[in-house]
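Peer 1: Here it is, the structure, as structure tokens.
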Amino acid sequence: MRLTYQPWGETLAELADAGRRAERAGAEVLWASELHRSATGTAAALAGATSTARIGTSIVLAFTRSPMITALEALDLDELSGGRFVIGLGSGVRRLNEQWHNVPFGKPVGHLRETVHNIRLFWDACTTGAEIRADGEFEPMHIRGYERPYAVPERPIPVYLAAMGPLMTRLAGEIGDGWISHELCSPGYLREHILPDLALGIDRADGKTRHDVDVVVSACCSVAADPALARRRAAGVVGFYATVRTYADFFAFHGLAEDQQAVIDAFRAGGGADHLAGSVSDRMVDALTMAGTRDDVATRIAAYDGIADTVKLSPPTHGLPAVEIRAAQDEIIALIGELTGATT
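One gets my numbering by counting positions in the sequence shown from 1 and adding 24 to each.
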């Protein structure tokens, strides 16, 4: 398995430094998220600060940009990184799209299919000056008189899709170069729910095999000598995701339906989404995150061997002061160095 990392920083300079340190520790990909920062801006900072690790977005919100802008940003980031860029796209949830960004959500599977098609269509045709036309229900695109005067990569930029539900996961298998989970997952859920749906999607694509799709498990990782401290730091991330009713089946699979409802009740009572750690049970944290001592977390990472291709670690952030996030991040980077045998 590849060990990869999603760095954090109170400033972009600190985030870039964390990326450099994680690269030296052996992280093969550095990922940029999109919530408190733009994924593309963060990816640019990481590209400029590193030289060997690949740079990926996990994820760029697919519907809040036009496919053309997304395609152009990917081309620029690939150039900036010297051909190291991977674009990870995700639909987000309806509330985020419609209420935060004022964009139509539509039917997310069909919407994302059209978005990926148009991005790739633009990459293929943008330097020729030929008319680019794509009909569609969600992202019709018609471009005339446009010719990009710069080269595009000879190899296609890999496109990864974030997915948890069965239909979106099948789409990732069918049209994606990789699949990315959100920050909560488990080996059991991956084995029983994700991999079978990925296989169904891969079967729809002519000549495609399981080896053509990079399975990326994201994990909130909290390492501390005191396991209770590690759990407490990770609880806020669990609380953040537990507010999303779309993930009800995911929590129910782990026997955590009542635990999720307790978090939702706290959220409805006025608790901010970043400040729900006190409503999160220890069993939620144990089931869905990598929290504990270095040995505990190393064991949890090893549990994905043979079923995932890549593990993406990220520090807990929700509801924590910068000093605690910083301490958690340092522990993760040190652990990556131990597991890869690299010098940090």
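Built from N, CA and C at the ideal position, the CB exists for glycine as well.
All figures in this text were calculated on a predicted structure; none of them were measured in a lab.
So, with DSSP's three-state summary, where would you put T233?
Peer 2: Reading the sequence shown from its first residue, position 209 is the one you call residue 233. Three-state DSSP puts T233 in coil, outside helix and strand.
Peer 1: Residues bridged to K131 by DSSP?
Peer 2: Taking the sequence shown and counting its residues from 1, one reaches residue 131 at position 107. Beta-bridge pairing links K131 to no other residue.
Peer 1: With three or more C-beta pairs closer than 8 Å as the rule, is the stretch 207-221 touching the stretch 136-149?
Peer 2: At 8 Å Cβ cutoff, the stretches do not touch.
Peer 1: Can you pull the DSSP bridge partners for V241?
Peer 2: What you label residue 241 is simply residue 217 of the sequence shown in a count that begins at 1. Answer is V335.
Peer 1: Looking only at C-alpha atoms, which of L120, E97, V117 and R119 sits nearest to F109?
Peer 2: The residue given as residue 109 occupies position 85 in the sequence shown. Measuring from the Cα of F109, the nearest candidate turns out to be E97.
Peer 1: Could you tell me the distance, in whole angstroms, from the CA atom of T35 to the CA atom of Y265?
Peer 2: Numbered from its first residue, the sequence shown carries residue 35 at position 11. Numbered from its first residue, the sequence shown carries residue 265 at position 241. Their backbone Cα atoms lie some 24 Å apart in a straight line.
Peer 1: Since T323 and R26 should fall inside the 8 Å C-beta cutoff, what is the C-beta to C-beta distance between them, to a whole number of angstroms?
Peer 2: For this step, residue 323 is matched to residue 299 along the sequence shown. For this step, residue 26 is matched to residue 2 along the sequence shown. Not really, about 18 Å apart at Cβ, beyond 8 Å.
Peer 1: Starting from the Cα of L195, find the closest Cα among I111, D227, G295 and D306 and give me that residue.
Peer 2: By 1-based counting over the sequence shown, the position of residue 195 is 171. Minimum Cα distance to L195 is reached at D227.
Peer 1: When we look at the beta-carbon of P91 and count the other beta-carbons within 10 Å, is it buried (16 or more) or exposed?
Peer 2: As a first step, residue 91 is located in the sequence shown; it is residue number 67 there, counting from the start. P91 is buried by the Cβ-count criterion.
Peer 1: In terms of alpha-carbon separation, which member of T64, G107, V241 and L39 lies closest to I325?
Peer 2: Position 301 of the sequence shown holds residue 325. It is V241 whose Cα lies nearest to the Cα of I325.
Peer 1: For I181 and L191, I'd like the C-alpha separation in whole angstroms.
Peer 2: Reading the sequence shown from its first residue, position 157 is the one you call residue 181. Reading the sequence shown from its first residue, position 167 is the one you call residue 191. If you take the alpha carbons of I181 and L191, they lie about 24 Å apart.
Peer 1: Compute the Euclidean distance between the alpha carbons of A327 and V117, then round it to the nearest angstrom.
Peer 2: By 1-based counting over the sequence shown, the position of residue 327 is 303. By 1-based counting over the sequence shown, the position of residue 117 is 93. A327 and V117: Cα-Cα distance of roughly 29 Å.
Peer 1: Run through DSSP, which three-state label would G316 get?
Peer 2: Position 292 of the sequence shown, counting from 1, holds the residue named residue 316. DSSP places G316 in strand when its eight states are reduced to three.
Peer 1: Is the stretch 157-177 in contact with the stretch 125-139, if contact means three or more CB pairs nearer than 8 Å?
Peer 2: Contact holds: three or more Cβ-Cβ distances are below 8 Å.
Peer 1: In the structure shown, what three-state DSSP assignment does G202 receive?
Peer 2: As a first step, residue 202 is located in the sequence shown; it is residue number 178 there, counting from the start. If DSSP states are grouped into helix, strand and coil, G202 belongs with the strands.
Peer 1: Report the partner residues of H166 according to the DSSP bridge assignment.
Peer 2: The sequence position of residue 166 within the sequence shown is 142, counting from 1. In DSSP, H166 forms a bridge with R157.
Peer 1: Quick check: what's the CA-CA separation for A51 versus F277?
Peer 2: In the sequence shown, residue 51 corresponds to position 27, counting from 1. In the sequence shown, residue 277 corresponds to position 253, counting from 1. Distance between the alpha carbons of A51 and F277: 31 Å.
Peer 1: When the Cα atoms are used, what is the spatial distance from L337 to Q353?
Peer 2: Sequence index remark: in the sequence shown, residue 337 carries index 313 (1-based). Sequence index remark: in the sequence shown, residue 353 carries index 329 (1-based). So the alpha carbons of these two residues sit roughly 10 Å apart.
Peer 1: Grab the span of the alpha helix (DSSP H) containing L253 for me, first residue to last.
Peer 2: Your numbering for residue 253 matches position 229 in the sequence shown. Unbroken alpha helix (DSSP H) run through L253: P251 to A266.
Peer 1: Cα separation between D236 and E282?
Peer 2: As a working mapping, residue 236 is identified with position 212 in the sequence shown. As a working mapping, residue 282 is identified with position 258 in the sequence shown. Rounded to the nearest angstrom, the two C-alpha atoms are 38 Å apart.
Peer 1: Would you kindly check if the distance between the Cβ of W32 and the Cβ of P251 is under 9 Å?
Peer 2: Translated into positions along the sequence shown, residue 251 becomes position 227. Translated into positions along the sequence shown, residue 32 becomes position 8. Not a contact, by the Cβ cut-off of 9 Å.
Peer 1: Considering only residues of the same chain and omitting the five flanking positions on each side of A95, which have a CB-CB separation below 7 Å?
Peer 2: Locating residue 95 in the sequence shown gives position 71, counting from the first residue. Within the same chain, A95 has close Cβ partners I143, F146 and W147.
Peer 1: To which residues of the same chain is L104 closer than 8 Å at the C-beta, ignoring the five residues directly before and after it?
Peer 2: One-based indexing of the sequence shown puts residue 104 at position 80. Contacts found: A68, A71 and G72.
Peer 1: Return the first residue and the last residue of the alpha helix (DSSP H) that L36 is part of.
Peer 2: If you number the sequence shown from 1, residue 36 lands on position 12. Per DSSP, L36 belongs to the alpha helix (DSSP H) from L36 to A49.
Peer 1: From this set, G197, L208, V287 and P177, which residue's C-alpha is nearest G231's C-alpha?
Peer 2: On the sequence shown, position 207 is the one that residue 231 refers to. For the residues G197, L208, V287 and P177, the minimum Cα distance to G231 belongs to G197.
Peer 1: Less than 8 Å between C-beta atoms, sequence neighbours within five positions excluded: which residues of the same chain meet that for A297?
Peer 2: Numbered from its first residue, the sequence shown carries residue 297 at position 273. Excluding positions up to five away in sequence, the list reads G263, F264, T267, F291 and H342.
Peer 1: Helix, strand or coil: how does DSSP classify W124 here?
Peer 2: Along the sequence shown, one-based indexing puts residue 124 at 100. Helix, per DSSP.
Peer 1: Assuming V176 contacts C150 (C-beta within less than 8 Å), just tell me the rounded distance between them.
Peer 2: Here residue 176 refers to the residue found at position 152 when the sequence shown is read from its first residue. Here residue 150 refers to the residue found at position 126 when the sequence shown is read from its first residue. Right, their Cβ atoms sit about 7 Å apart.
Peer 1: How close, in whole Å, do the beta carbons of V247 and E355 come, if the pair is a contact with beta carbons under 8 Å?
Peer 2: What you label residue 247 is simply residue 223 of the sequence shown in a count that begins at 1. What you label residue 355 is simply residue 331 of the sequence shown in a count that begins at 1. Yes, V247 and E355 are in contact; Cβ-Cβ is about 4 Å, under 8 Å.
Peer 1: Whole angstroms are fine: how far does the CA of P220 sit from the CA of S305?
Peer 2: Here residue 305 is taken as the residue at index 281 of the sequence shown, counted from 1. Here residue 220 is taken as the residue at index 196 of the sequence shown, counted from 1. In a straight line, the C-alpha of S305 is about 30 Å away from that of P220.
Peer 1: Relative to the C-alpha of V84, which candidate in L59, G107, D201 and A351 has its C-alpha closest?
Peer 2: By 1-based counting over the sequence shown, the position of residue 84 is 60. Looking at the Cα atoms, L59 is the closest of the given residues.
Peer 1: Take P427 as the anchor and find which of M314, D320, R269 and A258 has the nearest alpha-carbon.
Peer 2: Because the chain spans 25 through 368 in this model, residue 427 falls outside it and cannot be assessed.
Peer 1: Give me the Cβ distance between G316 and A358, rounded to the nearest whole Å; I'm assuming they're in contact under 8 Å.
Peer 2: Looking up residue 316 in the sequence shown gives position 292. Looking up residue 358 in the sequence shown gives position 334. The Cβ separation is near 15 Å, so there is no contact.
Peer 1: Quick check on DSSP: helix, strand or coil for I83?
Peer 2: The count along the sequence shown starts at 1 and reaches residue 83 at position 59. Coil.
Peer 1: Whole angstroms are fine: how far does the CA of E155 sit from the CA of Y170?
Peer 2: As a position in the sequence shown, residue 170 is number 146, starting the count at 1. As a position in the sequence shown, residue 155 is number 131, starting the count at 1. Near 8 Å, if we compare the C-alpha coordinates of E155 and Y170.
Peer 1: Assign N126 to one of two classes, buried (16 or more other C-beta atoms within 10 Å of its C-beta) or exposed (fewer than that).
Peer 2: Position 102 of the sequence shown holds residue 126. So N126 counts as exposed.
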